[in-house]
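A short worksheet on the structure shown next.
Number of protein chains: 2
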Amino acid sequence: MRKIDTAGKWIWYPDDFEIELSARFMMRRYERDVPIPPFWKQYSCWRNVKFVKKAVIDREERLSVTAEGIFNVTIDGAFVYGAGGEYVLPAGEHEVVVTVAAEKGLPAMKADGETFRSDGSWLVTCNDHKYLPAAFNDTLVSGDSTPNHVKLPTEVCMPLKEICRGDEKIYDFGRQLFAFVEIEGIESDAKCVRLYYGESEQEAFDTEGCELSAVFEVNGPSLLTDNPQAFRYLSVKGAAFRSVKALHEYLPQPRQATFRSSDPLLDEIFRTSCYTLQLTTREFIIDGIKRDRWVWSGDAYQGYLMDYYCFFDCDVVRRTMIGLFGREPFDLHINHIMDYTFYWIMGFCDYYRYTKDRAFAERNFSKAVSALEYCISRTDENGLMQGKEGDWVFIDWAENLDNTGEVCFEQMLYAVSLRMTAQLADVLGKEEEAKRYGALYADVTQKLEWFWDEKRGAYIHSFKNGKPDNLVLRYANIFAILYDLCTPERQKRIVKSVLESSDVQAITTPYMRFYELAALMKMGEKQYVMEEIRSYWGGMLREGATTFWETYDSRQTGDEKYAMYGRRYGKSLCHTWGAGPVYLLGKYITGLEPDGKGGFTVTPDKTDLEWFTATVPFLEGEVTVSVRPEGVSVRSTHVGGVLVWKGKRYRVIAGKETSVTDTKEDKICSSI
Amino acid sequence: MRKIDTAGKWIWYPDDFEIELSARFMMRRYERDVPIPPFWKQYSCWRNVKFVKKAVIDREERLSVTAEGIFNVTIDGAFVYGAGGEYVLPAGEHEVVVTVAAEKGLPAMKADGETFRSDGSWLVTCNDHKYLPAAFNDTLVSGDSTPNHVKLPTEVCMPLKEICRGDEKIYDFGRQLFAFVEIEGIESDAKCVRLYYGESEQEAFDTEGCELSAVFEVNGPSLLTDNPQAFRYLSVKGAAFRSVKALHEYLPQPRQATFRSSDPLLDEIFRTSCYTLQLTTREFIIDGIKRDRWVWSGDAYQGYLMDYYCFFDCDVVRRTMIGLFGREPFDLHINHIMDYTFYWIMGFCDYYRYTKDRAFAERNFSKAVSALEYCISRTDENGLMQGKEGDWVFIDWAENLDNTGEVCFEQMLYAVSLRMTAQLADVLGKEEEAKRYGALYADVTQKLEWFWDEKRGAYIHSFKNGKPDNLVLRYANIFAILYDLCTPERQKRIVKSVLESSDVQAITTPYMRFYELAALMKMGEKQYVMEEIRSYWGGMLREGATTFWETYDSRQTGDEKYAMYGRRYGKSLCHTWGAGPVYLLGKYITGLEPDGKGGFTVTPDKTDLEWFTATVPFLEGEVTVSVRPEGVSVRSTHVGGVLVWKGKRYRVIAGKETSVTDTKEDKICSSI
């Protein structure tokens with residue numbers, strides 16, 4: 051007898067899952083006992099949807115339907131009463147319609163059956179007369195998880211040691227966690243347990259000042275918290291108990307980049323970057339696990355780039371973009387920040403470049419168009435972007451940054467967004483958009499020249515009421531290099547006149563530092579960047595970091611280093627943008643780059659390293675690059691690879707090792 | 051010591067309460083055990099909102115905040131930790147911000163305090179940078195009700211008798227109810243109780259065919275159902291028990307029109323109309339309490355008109371309109387029906403005419419504009435409305451009604467919507483809209499001439515592909531009269547050539563019959579309408595109706611009269627549009643009409659009645675009209691009234707009786 055898989059998937063209306071999950075996820079941020087929901091608009095899924103499938107079956111089929119929400123089923127146009135979710139379809143052609151409506155939460159359904167089992171072959175409508183293929187998610191909604199109750203796996207972690215200061219005692223779990231706390235053997239007369247979480251030892255001891263604290267009523271001998279929190283250290287007060295443990299909640303990643311080299315510090319920086327990124331790559335790619343525990347488009351954009359060089363988890367990139375975007379019409383900048391709308395567009399276009407996921411690009415292209423048209427509708431008389439009322443023009447945390455007027459940096463993001471959308475439109479055969487955005491790109495690019503100060507060899511910061519501020523900052527100059535917004539000659543000049551100039555205000559956040567280091571890498575200043583990685587990220591490791599921080603200044607000592615935003619422990623010690631080295635090393639040292647046709651080129655550069663061996667996931671496969679003093683070898687499970695070594699190109703055959711030995715005149719691999 | 055009211059109201063973002071309540075309410079329809087959510091889009095409230103109030107207080111104030119959803123409070127920009135909802139404001143100027151976010155449902159808050167107690171003086175934003183006055187609802191959200199748990203009062207009703215057929219027994223509660231069922235003294239070994247509801251005796255006996263049935267597990271000696279249902283008769287099976295009662299859920303109405311006359315049948319028709327309307331006027335004005343238990347714009351439009359002559363409950367009209375409209379952008383016809391979008395616009399403009407509620411009209415004017423612009427964007431090359439894919443062009447339930455092409459009836463609704471919106475725009479000082487819609491109205495009105503068949507003295511039904519169908523139906527011709535879309539002369543001609551013609555297909559639903567009878571009343575054919583009311587509505591009373599039906603045909607006998615839509619008891623026996631007499635008698639016999647300036651005229655006409663005394667609520671007051679053989683008297687609690695009697699106008703002084711005695715030459719009231 052043939053065995054048939056009759057188990058259906060949970061299915062729903064496209065985007066609804068991400069929108070709903072995101073809105074709920076974003077409400078779980080706390081500061082001490084105070085919940086901090088986001089201060090920008092959150093969207094909702096549709097409330098009532100209709101799933102349809104038509105098919106011919108050659109024998110009787112039993113269909114079992116369950117739903118989250120109330121539901122009804124029509125078979126060939128007629129309601130089935132008294133069915134209790136069990137239906138029988140005789141052989142023949144049938145149309146099954148399942149209507150699901152949820153008073154609260156996401157309406158979703160699951161049908162087990164042979165032909166009619168629920169999957170992407172069902173169509174669904176939000177009752178707007180349009181039918182789309184139903185959506186599902188094999189990563190987050192399988193096993194015990196349902197669309198409205200997504201559960202990530204947990205790992206039990208016991209405290210590694212206890213740290214005492216006088217009478218006070220805290221538990222050290224040895225590394226940053228994002229975990230529930232379970233306390234067992236609580237004394238029977240205890241009333242409540244108070245938890246004080248610490249990313250640092252100091253924070254956990256400081257019960258008055260720690261960012262996260264919570265009080266739980268005791269209702270028995272054990273206690274399990276319901277909202278996982280970020281901590282390495284934990285203080286438990288209010289009751290005696292037998293044991294405490296952490297249930298570390300994480301998103302499993304089947305693949306993870308590796309980097310081993312002649313420099314153990316660099317290896318440790320790479321590993322710590324990966325672990326940092328793993329903690330912030332969850333239901334969505336968030337900024338930090340303690341704070342803000344939100345999805346910010348600027349942070350996420352860097353997260354996508356890091357992800358491509360660390361996990362190549364496409365699903366989390368898609369989830370994050372959809373959750374961030376919310377529901378059309380697009381009538382507010384993403385996260386209220388002008389730059390963040392552009393990063394959304396750039397991330398969306400980038401996603402196609404890395405993944406060639408044409409279906410996703412097509413399905414969501416209208417979102418990029420909506421976002422771009424919103425921006426276009428807000429340009430000034432020069433066709434340039436200026437912050438309007440309510441718009442937050444952010445760029446970076448930096449003192450005295452006056453972002454009013456026509457800010458060069460924003461025009462550059464605008465230009466890049468136009469260019470990338472035009473290029474994607476071209477690929478998708480959307481001629482009108484390709485033309486419109488291509489022309490606008492040309493126009494904005496030309497106007498970027500207004501900001502160029504030829505004498506100083508730099509882009510100035512802004513025009514205010516038509517007057518140049520003549521202020522040279524790094525931001526625009528970095529992006530001119532990174533996104534090729536000027537000639538290579540000019541890029542070289544900018545390196546000298548801006549990036550290497552101590553007269554230009556230094557960047558302090560790893561957020562913008564990420565772009566600056568990438569620009570320097572791109573311009574060949576790799577040796578400098580390697581040193582910088584060792585000193586900045588190595589500095590954090592010397593401070594005992596097990597994940598990388600929101601910001602770091604080696605000059606800060608004592609408690610000062612954990613303070614931010616005027617709060618003693620305001621600084622997040624596990625921040626996506628702290629994981630930059632995974633990208634910098636993957637892209638510029640390992641040198642992997644998608645070729646735009648579904649293949650890749652790999653241009654390794656060991657700089658000052660004696661040797662390194664790195665594995666980077668790429669699409670469904672992975673690429674391993676080994677550089678040794680005597681040469682290079684590449685092994686890929688993915689087809690269409692090219693090794694670039696010392697200016698020559700070598701074809702990388704999937705599954706075979708491609709080696710080039712420098713010392714021999716006769717290469718074992720011929721160049722192409 | 052002065053006593054200060056410190057109790058705040060529950061407040062929320064405008065429209066959110068109605069949108070959320072409506073979506074939930076609409077999901078409570080069942081057919082037997084099958085839930086039937088609506089097949090058009092349902093909207094959601096915003097998830098995270100921010101309430102703000104700034105004020106100066108001259109002494110310390112205690113503020114107590116509660117919310118539905120998670121919330122935080124900032125005072126003068128700083129979060130307050132560990133407050134447990136209790137805050138102290140020292141004397142001085144303060145800004146209090148309460149952020150509320152709801153994972154599910156409506157985010158709402160309530161603050162008790164002196165100056166800072168929550169009310170409409172707080173501003174609220176859905177985080178789109180715009181701040182609006184917070185909304186509240188004193189009718190539905192007070193006492194035990196909260197924004198997410200609205201409870202209407204209930205009245206205990208015992209069955210009046212038991213009816214037996216063989217071994218079968220049902221309970222008769224004596225009148226239509228919308229009620230929960232409570233069963234007490236259930237035998238201890240019972241497993242489940244099965245309820246079969248009947249609007250008719252037959253239905254309750256027919257356990258296989260009744261529209262509403264439900265099975266409840268027994269978990270103790272008593273049982274209370276959780277979803278009120280429509281019934282007069284009830285069958286209880288599955289267990290022995292001591293007693294059964296109904297908890298009739300209703301919206302209290304402080305005022306209700308009365309009508310007493312020399313014709314007891316008419317009085318009974320009026321009372322039954324009011325009771326019918328009371329049952330369907332609830333959280334919203336729904337179509338019927340058994341079925342569909344939904345808000346349909348066409349049904350609601352008639353409900354509004356009836357309401358003005360029955361309860362003058364403005365709040366339920368506003369709630370219904372807001373709930374129906376949902377959330378902008380307007381991208382689908384209301385209820386998917388083209389006519390129903392127009393009825394929404396007409397109802398909205400009418401609301402202002404009846405209530406002079408300028409604040410509501412201003413706040414929601416953009417909705418009428420959005421709806422109208424949506425229609426305009428869908429006009430054909432002639433500037434006329436045609437059904438596009440997905441649009442349902444309804445008009446009425448009637449056999450062989452082909453509503454494709456340019457249907458005259460729809461152009462008339464379009465024209466009326468344009469005219470009414472232009473007029474309202476004019477009142478609100480919105481010149482651009484007044485001009486635009488005024489010009490379009492003129493254009494569409496001119497094109498209505500294409501449909502006029504001078505020879506037959508009638509508007510034809512439609513043009514299909516540019517060709518007239520030459521079909522004469524009543525619909526367009528009724529509306530031409532009712533909304534003055536042609537000259538009085540032509541209107542008179544239509545009465546003869548269409549309304550009084552037996553060659554033109556008769557109207558069978560009380561829905562369109564409502565407009566037909568109103569048109570006949572308007573044209574002075576009152577005697578005919580009175581007879582019609584007696585025979586049609588009187589016919590239902592003779593059938594034992596305690597509420598008026600969805601449709602009635604005196605020729606139907608036996609069970610046939612309860613069947614509809616191919617189902618044995620498909621017909622709703624308590625339907626809003628069945629309550630038409632309350633409007634027809636109020637508007638054309640009592641003759642009350644708002645004068646468009648906040649006052650009213652009353653033009654009583656007793657037709658064939660010897661006498662009548664009617665009280666009609668108007669705005670905050672009421673108007674009582676008595677007509678006797680010897681003359682007329684009017685008493686009003688509302689200012690600005692004018693009595694029109696035998697062609698003369700008399701001022702009605704509020705609080706005084708205005709009488710005109712026909713037999714005397716010297717009137718006690720002088721004409722104006």
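From first to last, the protein sequence lines are chains G and P. Under the working numbering, residues 51 to 722 are what the first sequence spells out, in order. Under the working numbering, residues 51 to 722 are what the second sequence spells out, in order. Glycine included, every Cβ here is placed at the ideal spot set by N, Cα and C.
Practice prompt. Using a Cβ-Cβ cut-off of 9 Å, state whether residue 62 of chain G counts as contacting chain P.
Written response: no
Worksheet item: If you measure beta-carbon to beta-carbon, which residues of the stretch 80-94 of chain G are closer than 7 Å to chain P?
Response: 81, 82, 83, 84, 85, 86, 87, 88, 89, 90, 91, 92 and 94
Worksheet entry | Residue from G:256, G:55, G:601 and G:336 whose Cα sits closest to the Cα of residue 351 of chain G | G:336
Practice prompt. Have a look at residue 554 of chain G and residue 548 of chain G and give me their C-alpha separation to the nearest angstrom.
Written response: 6 Å
Worksheet item: Listed from N- to C-terminal order along the chain, which residues in the stretch 167-199 of chain G have their beta-carbon within a distance smaller than 7 Å of any beta-carbon of chain P?
Response: 176, 177, 178 and 179
Practice prompt. Determine the direct distance from the alpha carbon of residue 362 of chain P to that of residue 43 of chain P, and round the result to whole angstroms.
Written response: Outside the modelled stretch of chain P, which goes from 51 to 722, sits residue 43 of chain P, for which no answer is possible.
Item to complete: List the residues that DSSP assigns as beta-bridge partners of residue 137 of chain P.
Response: P:113
Worksheet item: Interface residues of chain G around residue 613 of chain P at Cβ under 7 Å?
Response: Residues of chain G passing the Cβ test: none, with the nearest at roughly 17 Å.
Worksheet entry | C-beta atoms of residue 228 of chain G and residue 332 of chain G nearer than 9 Å | yes
Item to complete: Write down the C-beta distance between residue 242 of chain P and residue 265 of chain P rounded to the nearest angstrom, noting that I regard them as a contact closer than 8 Å.
Response: 6 Å
Fill in: For residue 503 of chain G: DSSP bridge partner residues
G:508
Fill in: CA-to-CA distance, residue 115 of chain P to residue 162 of chain P, given in whole angstroms
7 Å
Discussion item. Alpha carbons only, please: which of G:537, G:447, G:596 and G:483 is nearest the one belonging to residue 525 of chain G?
Written reply: G:447
Worksheet item: Quick one, which of P:411, P:639, P:582 and P:164 has its alpha-carbon nearest residue 57 of chain P's?
Response: P:164
Discussion item. In whole angstroms, give me the CA-to-CA distance for residue 631 of chain G and residue 488 of chain G.
Written reply: 33 Å
Practice prompt. Going by DSSP, name the residue or residues bridged to residue 214 of chain P.
Written response: P:219
Worksheet item: Closest by CA to residue 292 of chain P, which one among P:595, P:385, P:593 and P:238?
Response: P:238
Item to complete: May I ask you to report which of helix, strand or coil DSSP gives residue 183 of chain P?
Response: strand
Practice prompt. Can you pull the chain P residues whose beta carbon is under 7 Å from the beta carbon of residue 77 of chain G, in chain order?
Written response: 120, 151 and 153
Worksheet item: Using the C-alpha atoms, what's the distance from residue 519 of chain P back to residue 59 of chain P?
Response: 58 Å
Worksheet item: Alpha carbon to alpha carbon, what distance is there between residue 469 of chain G and residue 508 of chain G?
Response: 22 Å
Practice prompt. Taking all protein chains shown into account, decide if residue 215 of chain G is buried (16 or more other Cβ within 10 angstroms of its Cβ) or exposed.
Written response: exposed
Worksheet item: Just checking, does the stretch 449-460 of chain G make contact with the stretch 398-413 of chain G on the three C-beta pairs under 8 Å criterion?
Response: no
Practice prompt. State the Cα-Cα distance for the pair residue 377 of chain G and residue 418 of chain P, rounded to the nearest angstrom.
Written response: 23 Å
Worksheet item: Can you pull the DSSP bridge partners for residue 302 of chain P?
Response: DSSP output for residue 302 of chain P lists no bridge partner at all.
Item to complete: Could you say which of G:567, G:676 and G:286 lies nearest to residue 256 of chain G if we only look at CA atoms?
Response: G:286
Fill in: Beta-bridge partners of residue 436 of chain P, as assigned by DSSP
P:456
Discussion item. Assess contact between the stretch 124-138 of chain P and the stretch 189-197 of chain P, defined as three or more Cβ pairs (one per stretch) separated by less than 8 Å. Is contact present?
Written reply: no
Worksheet item: Residues in its own chain within less than 8 Å of residue 716 of chain P by CB, not counting five upstream and five downstream?
Response: At residue 716 of chain P, the pLDDT of 45 sits below 50, so the modelled position is not reliable; the number obtained from the coordinates is stated separately. Excluding positions up to five away in sequence, the list is empty.
Worksheet item: What do you reckon, are the CB atoms on residue 655 of chain G and residue 692 of chain G nearer than 9 Å?
Response: no
Discussion item. Considering only DSSP beta bridges, list what residue 614 of chain G is partnered with.
Written reply: G:617
Discussion item. Given 8 Å as the limit, tell me if residue 551 of chain P has its C-beta closer than that to any heavy atom belonging to the ligand MN.
Written reply: Within the structure as shown, the ligand MN is missing, as the structure has no ligands at all.
Practice prompt. Report the neighbours of residue 723 of chain G on chain P: residues whose CB is nearer than 7 Å to its CB, in chain order.
Written response: Residue 723 of chain G lies beyond the residue range present for chain G, which begins at 51 and ends at 722; the question has no answer from this structure.
Fill in: Identity of the residues DSSP links to residue 678 of chain G by a beta bridge
G:681
Worksheet item: Which partner residues does residue 710 of chain G have in the DSSP bridge list?
Response: G:682
Worksheet item: Which chain P residues sit within Cβ distance under 7 Å of residue 129 of chain G?
Response: 81 and 84
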